[in-house]
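Colleague: There's a structure below that I have some questions on.
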Amino acid sequence: MIEVSGVNKTFILGDSTVHALADINLRIEQGEYISVMGPSGSGKSTLLNMLGLLDRPDNGRYSLNGVDTQTLDENERARLRREQIGFVFQAYHLIARLTARENVEMPLMLAGVPARERHEAVAGILDRLGIAKRADHLPNQLSGGERQRVAIGRSIVMKPALLLADEPTGNLDSRSGAEVTEILENLNRDGITLLIVTHDNSMGERASRRIRMVDGAVAADQRFERVV
Amino acid sequence: MRLLDLLRFSLLALRRQRFRSAMLLTAVGLGVGAVVVLTALGEGARGYVLGEFAYLGKDTVIMMPGRKETTGGMPPITGVAAHAITLEEMEVLQRAVPGVTALAPMVMGNGPVSYKSRERDSMVIGTTAAFFPLRQLQIAQGRNLPELALGEGKQVAVIGQKLKEALFDSGRAIGQWVRLRDYRFRVVGVLAGSGDSFGADLSEAIFIPVASAQAVFNVHGLFRVTLKVKENYQVEAVKSAIAKQMQLLHNGELDVTIISPDAMLSTFDSILQVMTLGVAGIGAISLVVSGILVMNVTLMSVKQRTAEIGLLKALGAPSSQVRTLFLTEAALIAAAGAVLGMLLGHLLVFTGTQIYPDVPFATPAWALWASLALAIGTALVFAWLPAQQAADMEPVNALGKK
């Protein structure tokens, strides 16, 4: 599903050059559950942004479902993001003036899906994520766990093949964090490819494939039997 | 994105920034209101002036002694002409120029008009029966001046409404004799209405046969002559025929001025139209100035919603869509401001018509559409730069900002 070869990304900070990604080679199959761990500044988030087409590598090749992404223009990249990739962020990134339901609907709305079809599609997701009752609340009326569930709803409403989560439990207490983790793992069980960037060892060790990054390079890439 | 969703999304965004939206609404509203009010003033002035001309039909020609040259040199002093226009010449004109159907010569002066112990200084107009239909004046009581030969005097008069009231109160005026200098005139008719035209209040005037007026004021020449052109005759052709005839009568010298109100009217009309456009332009400037505010507010909005822009891009919104979102917000607020400005402007115009009922204040339709289009156009043009800035943001950078 994903093929990354010889990808580099450098930032210039002051007068020093930082290798955020150093010669990354990765192959990810559909339905994998991957955690990416490593110290701050090791390039985890840069990797996630690059895989999510939010950022462009300096060189190398990245193919997503057989499409070479380095030759695409911004609009084509936007379309791929819309149709194939879901994002879950640490800070939720909900739109404050929209209700939970509307936030979940947002990708459909941007895609021009009529309101009635949107409502049908969203109702099932809200139900499944256990936030149906909170659907008409604004984000600031929701708890952190509920907010993240809304964000997850939004990330899967377009039925993407790849779900990228950047510290999804970073702002949550342990109970809400566990609930969110479970939701993500259930989605993975249903076939979505799940990649979680995390600091949290206990979370990272739940994944069947664990990538460890140091100084922008893949230091370890191990596969385990699914714990659960 | 569907239009309805786009509008709703933009409206929600505008509601979140109430103060900024209100500020923009006011700025655009004032601009549009200015256009509405100023063009209404211009149109009102135009309507007022045209209305003043309206008593002269399209088919009338006015002739006066003297000639105003526009080719340079000293202009002649008004009223001083080599040759006066005389009643005898008018008789010739009536016979010789086929296009002339009616002719109202005018001798004007001022004199004390008295009845019993009451006296009033009045405008005295010596003319013929043709004067009243030509000026579209109605006789309220009694009759018009009698049909006389041009040179024939008679001691009869038609008086204006106000003069009648001043001399007779509510008493009967018809059949009474009034005195004007050394002459006495029997009132045969009273004019209807205010008869206000060109500042001269005809309702305070007394009208007597032209030959009588010449006798009263001891003048020979005519002040001016109003001529009516026959149906199916070209006004311009008749005008030049009259000029030719007058030149012949005045020993080959063309020393009369002949104007057709229609030509004058169209000159005035175009002058006043330009004036209306001018004041509309002034209003438009304030609208364009409000565009600067639109740009600033949109810029602020883009800066403040950087994270949202990043999110929209992560969710797959192409650059053009992000730009459309911000442009829609600007256009919406401009349209709302324009509607507000129109309401405000119309309210002011309505108040104006209540205070000055004589002046037909009215905003022309083109000004309404133009101001609406200009408001939205300005908003789009000025919002384009910040909207494009939003559209060009790199998603990863935008998302990182909080």
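In the order they appear, the protein sequences are chains E and B. Residues 2 to 229 in the working numbering are what the first sequence lists, from first letter to last. Residues 415 to 816 in the working numbering are what the second sequence lists, from first letter to last. Think of the CB as a built atom: it goes at the ideal place given N, C-alpha and C, for glycine as much as any other residue. Predicted model, so just to flag it, every value in this text is computed and none were measured.
#1: Using DSSP's beta-bridge definition, name the partner residues of B/W783.
#2: In this structure, how does DSSP classify E/S6 when only helix, strand and coil are distinguished?
#3: On the CB-based measure, 16 or more other CB atoms within 10 Å of its CB, does E/R224 come out buried or exposed?
#4: Between B/A655 and the rest of its own chain, which residues show a CB-CB distance below 7 Å, the 5 nearest in sequence each way excluded?
#5: Rounded to whole angstroms, how far is the Cβ of B/I588 from the Cβ of B/V570, which I believe are closer than 8 Å?
#6: Closer than 9 Å, CB to CB, is B/S734 near chain E or not?
#7: Specify, as a first and last residue, the run of the alpha helix (DSSP H) that B/G751 falls within.
#8: Quick check: what's the CA-CA separation for B/A498 versus B/G635?
#9: What are the residues in the segment 202-222 of chain E lying within 7 Å of chain B by C-beta distance?
#10: Chain E partners of B/L438, CB-CB under 9 Å?
#11: In or out: B/A846 buried (at least 16 other Cβ within 10 Å) or exposed?
#12: B/A801 and B/L741 - do their beta-carbons sit closer together than 9 Å?
#13: What's the gap between the Cα of B/F423 and the Cα of E/M2?
#14: What residue range does the beta strand (DSSP E) around B/G523 cover?
#15: With a threshold of 8 Å, are at least 3 pairs of Cβ atoms found where one atom belongs to the segment 746-764 of chain B and the other to the segment 803-813 of chain B?
#16: Just by C-beta distance, which residues in the segment 160-186 of chain E are closer than 7 Å to chain B?
#17: Is the distance from the Cβ of B/E457 to the Cβ of B/P778 below 9 Å?
#18: Return no unless some Cβ of chain E is closer than 9 Å to the Cβ of B/D419.
#19: Tell me where the beta strand (DSSP E) around B/E533 begins and ends.
#20: With a cut-off of 8 Å on the beta carbons, I'd call E/L195 and E/L164 a contact; round off their distance for me.
#21: Against chain E, does B/P800 count as a neighbour if the rule is that its beta carbon must be under 9 Å from one of theirs?
#22: Would you list the one or two residues that DSSP bridges to B/G556?
#23: List, from N- to C-terminal side, the alpha helix (DSSP H) runs of 4 residues or more that fit wholly inside the segment 79-114 of chain E.
#24: Which residue from B/M522, B/I790, B/A793 and B/L428 puts its Cα closest to that of B/A619?
#25: For B/S424, decide whether its Cβ has a neighbour in chain E, counting only Cβ atoms nearer than 9 Å.
#26: Between which two residues does the beta strand (DSSP E) harbouring B/K578 extend?
#27: Do you know whose CA, among E/T70, E/G192, E/S209 and E/V198, lies nearest E/Q31's CA?
#28: Contact between the segment 103-113 of chain E and the segment 67-76 of chain E: three or more CB pairs below 8 Å?
#29: What are the partner residues of B/W591, as DSSP defines its beta bridges?
#30: Reducing DSSP to helix, strand and coil, say where E/P40 ends up.
#31: For B/G567 versus B/E502, is the C-beta distance shorter than 9 Å?
#32: Any beta carbon of chain B sitting closer than 9 Å to that of E/E75?
#33: Could you check what DSSP says for E/I132 in three-state terms: helix, strand or coil?
#34: Among the residues of its own chain, which have a CB less than 6 Å from the CB of E/P40, if the five just before and after it don't count?
#35: Verify whether the separation of the beta carbon atoms of E/D167 and E/V198 is less than 9 Å.
#36: Is B/L438 closer than 9 Å to B/A749 when the C-beta atoms are compared?
Modeller: Looking at the atomic coordinates:
#1: Counting from 1 along the second sequence, the entry for residue 783 of chain B is found at position 369. Note: B/W783 sits in no beta bridge, so no partner.
#2: As a first step, residue 6 of chain E is located in the first sequence; it is residue number 5 there, counting from the start. In this structure, E/S6 counts as strand in the three-state DSSP scheme.
#3: Your numbering for residue 224 of chain E matches position 223 in the first sequence. Result: exposed.
#4: Counted from its first residue, the second sequence places residue 655 of chain B at position 241. Excluding positions up to five away in sequence, the list reads V511 and G513.
#5: Counting from one through the second sequence, the residue named residue 588 of chain B turns up at place 174. Counting from one through the second sequence, the residue named residue 570 of chain B turns up at place 156. At roughly 11 Å, the Cβ-Cβ gap does not stay under 8 Å, so B/I588 and B/V570 are not in contact.
#6: As a first step, residue 734 of chain B is located in the second sequence; it is residue number 320 there, counting from the start. Interface residue, yes.
#7: To locate residue 751 of chain B, count along the second sequence from 1; it is residue 337. Counting along the chain, the alpha helix (DSSP H) containing B/G751 begins and ends at S733 to I769.
#8: If you number the second sequence from 1, residue 498 of chain B lands on position 84. If you number the second sequence from 1, residue 635 of chain B lands on position 221. Straight through space, the alpha carbons of B/G635 and B/A498 are spaced by roughly 5 Å.
#9: none
#10: Stepping through the second sequence from its first residue, residue 438 of chain B is reached at position 24. Neighbours of B/L438 on chain E: none; closest Cβ ~18 Å, over 9 Å.
#11: This structure does not reach residue 846 of chain B, given that chain B is present from 415 up to 816, and the question cannot be answered.
#12: The sequence position of residue 741 of chain B within the second sequence is 327, counting from 1. The sequence position of residue 801 of chain B within the second sequence is 387, counting from 1. Against a cut-off of 9 Å, the Cβ pair of B/A801 and B/L741 comes out as a contact.
#13: If you number the second sequence from 1, residue 423 of chain B lands on position 9. If you number the first sequence from 1, residue 2 of chain E lands on position 1. If I take the Cα positions, the gap works out to 35 Å.
#14: Position 109 of the second sequence, counting from 1, holds the residue named residue 523 of chain B. V514 to Y529 is the span of the beta strand (DSSP E), which, as asked, contains B/G523.
#15: no
#16: none
#17: Residue 457 of chain B sits at position 43 when you count from the first residue of the second sequence. Residue 778 of chain B sits at position 364 when you count from the first residue of the second sequence. Against a cut-off of 9 Å, the Cβ pair of B/P778 and B/E457 comes out as a contact.
#18: One-based indexing of the second sequence puts residue 419 of chain B at position 5. Taking Cβ atoms only, chain E reaches closer than 9 Å to B/D419, which makes this a yes.
#19: Start at 1 with the first residue of the second sequence, and residue 533 of chain B comes out as number 119. Bounds of the beta strand (DSSP E) holding B/E533 are R532 to T541.
#20: By 1-based counting over the first sequence, the position of residue 195 of chain E is 194. By 1-based counting over the first sequence, the position of residue 164 of chain E is 163. Sure, about 5 Å apart at Cβ, within 8 Å.
#21: For the purposes of this step, residue 800 of chain B is identified with residue 386 of the second sequence, where counting begins at 1. So, not an interface residue.
#22: Residue mapping note: residue 556 of chain B aligns to position 142 of the second sequence, counting from 1. BP columns for B/G556 point to B/G603.
#23: If we require 4 residues or more, the alpha helix (DSSP H) runs fully inside the segment 79-114 of chain E come out as 101-111.
#24: Numbered from its first residue, the second sequence carries residue 619 of chain B at position 205. Taking only the C-alpha atoms, the option nearest B/A619 is B/M522.
#25: As a working mapping, residue 424 of chain B is identified with position 10 in the second sequence. No, B/S424 does not count as interfacial toward chain E.
#26: Residue numbering aside, residue 578 of chain B sits at position 164 when the second sequence is read from its first letter. Per DSSP, B/K578 belongs to no beta strand (DSSP E); it is in the alpha helix (DSSP H), Q575 to F582.
#27: If you number the first sequence from 1, residue 31 of chain E lands on position 30. Checked all of E/T70, E/G192, E/S209 and E/V198; the closest Cα to E/Q31 is E/G192.
#28: no
#29: As a first step, residue 591 of chain B is located in the second sequence; it is residue number 177 there, counting from the start. Its beta-bridge partners are B/R600.
#30: As a position in the first sequence, residue 40 of chain E is number 39, starting the count at 1. Secondary structure of E/P40 (DSSP, three-state): coil.
#31: Position 153 of the second sequence, counted from the first residue, corresponds to residue 567 of chain B. Position 88 of the second sequence, counted from the first residue, corresponds to residue 502 of chain B. Against a cut-off of 9 Å, the Cβ pair of B/E502 and B/G567 comes out as no contact.
#32: Position 74 of the first sequence, counting from 1, holds the residue named residue 75 of chain E. Yes - at least one Cβ of chain B is within 9 Å of the one on E/E75.
#33: Indexing the first sequence from 1 puts residue 132 of chain E at position 131. Three-state result, E/I132: coil.
#34: If you number the first sequence from 1, residue 40 of chain E lands on position 39. Nothing meets the Cβ criterion.
#35: Counting from 1 along the first sequence, the entry for residue 167 of chain E is found at position 166. Counting from 1 along the first sequence, the entry for residue 198 of chain E is found at position 197. Cβ atoms of E/D167 and E/V198: closer than 9 Å.
#36: The sequence position of residue 749 of chain B within the second sequence is 335, counting from 1. The sequence position of residue 438 of chain B within the second sequence is 24, counting from 1. With contacts defined by Cβ atoms closer than 9 Å, B/A749 and B/L438 do not form a contacting pair.
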